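Just so we're aligned, residue 12 is where the sequence shown starts under the working numbering, counting upward by one.
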Amino acid sequence: MAVWKVSNDPTFPLAELLVGHDERTRGAALNLKKALTSRSVAAKNMADAWSSSPDLRDAQTLVEARQRKS
12 MAVWKVSNDP
22 TFPLAELLVG
32 HDERTRGAAL
42 NLKKALTSRS
52 VAAKNMADAW
62 SSSPDLRDAQ
72 TLVEARQRKS
């Protein structure tokens, strides 16, 4: 659930690892994320998990994200 926290809580310690797409792109409209640097495997994996799960992106709370994960 770290990816949900990173994407929704700017105070989360890993929040700087993921960035949104340019606002003019389809990725921004879909609330997709990308890794800040391609050298970080953890950031790449979190971005892939976030971008591949519409249920996770639609969750409004951490509890809801956990329920949708199952």
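The C-beta atom is built at its ideal place from N, Cα and C for all residues, glycine as well.
This one's a predicted model, so the numbers in the text were calculated from it and none came from an experiment.
Margin query: Measuring only the C-alpha atoms, how far is K61 from V14?
Written below: The residue asked about is misnamed: residue 61 is Trp in this sequence, not Lys. Rounded to the nearest whole angstrom, the C-alpha separation of W61 and V14 is 6 Å.
Checklist line | Cβ-Cβ separation, L73 to A53 (assumed contact under 8 Å), whole Å | finding: Actually they do not touch by this definition, with Cβ atoms about 19 Å apart.
Checklist line | R68 versus P24: straight-line alpha-carbon distance, rounded | finding: Answer to the nearest angstrom: the Cα atoms are 19 Å apart.
Checklist line | Neighbour-count burial assignment, S49, 16 or more Cβ in a 10 Å radius | finding: Here S49 is exposed. Its C-beta has fewer than 16 other C-beta atoms within 10 Å.
Margin query: Considering just the uninterrupted stretch of the beta strand (DSSP E) at A46, what are its terminal residues?
Written below: First-last of the beta strand (DSSP E) with A46: K44 to A46.
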